[in-house]
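With mature numbering (1 follows the signal peptide of the UniProt record, and there is no 0) as the guide, the letters of the sequence shown map in order to residues -19 to -1, 1 to 55.
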Amino acid sequence: MRVIAIGFLLALPLVPSSGIPWQLNGHIHFDSMMTIFCKSSRRTLLIPGHSTYTVEDWGMTLMRQLLLSDWDVL
């Protein structure tokens, strides 16, 4: 069983997001970051995002990254 902690960093400097796997349509830059820490494996993920992302946007971005990073989601 995995226990993860999720945190958010907001109001970061703008970074272009074109061609990045985490980019969602309608957002041309990143200004926020989601941090994920697995307490059992001690793995850490940093996922860029935008301050206007909804809960669904962050969830979709998180699942995409967990699958790309082979975190044994399935």
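In this text, a Cβ means the ideal position worked out from N, Cα and C, and glycines have one as well.
Check: residue i C-beta below 8 Å from any heavy atom of the ligand MN
i: Ile9; result: Only the bare structure without any ligand can be found here, which leaves the ligand MN out of the picture.
Residue burial classification, residue i (beta-carbon count within 10 angstroms, cutoff 16)
i: His10; result: exposed
i: Met15; result: buried
i: Pro2; result: exposed
i: Ile28; result: buried
i: Leu43; result: buried
From the options, residue whose alpha carbon lies closest to that of residue i
i: Leu(-11); options: Asp51, Arg45, Thr33; result: Thr33
i: Ala(-15); options: His31, Glu37, Ser21; result: Ser21
DSSP bridge partner residues for residue i (one or two, in chain order)
i: Ile1; result: In the DSSP output, where bridge partners are listed per residue, Ile1 has none listed.
i: residue 59; result: Here the chain has residues from -19 to 55 only, and residue 59 is not among them.
i: Val(-5); result: Phe11
CB-CB length for residue i against residue j, believed under 8 Å
i: Ser13; j: His31; result: 6 Å
Secondary structure, beta strand (DSSP E): runs of 3+ residues fully inside the stretch 5 to 29
Counting only runs of 3 or more, we get 13 to 19.
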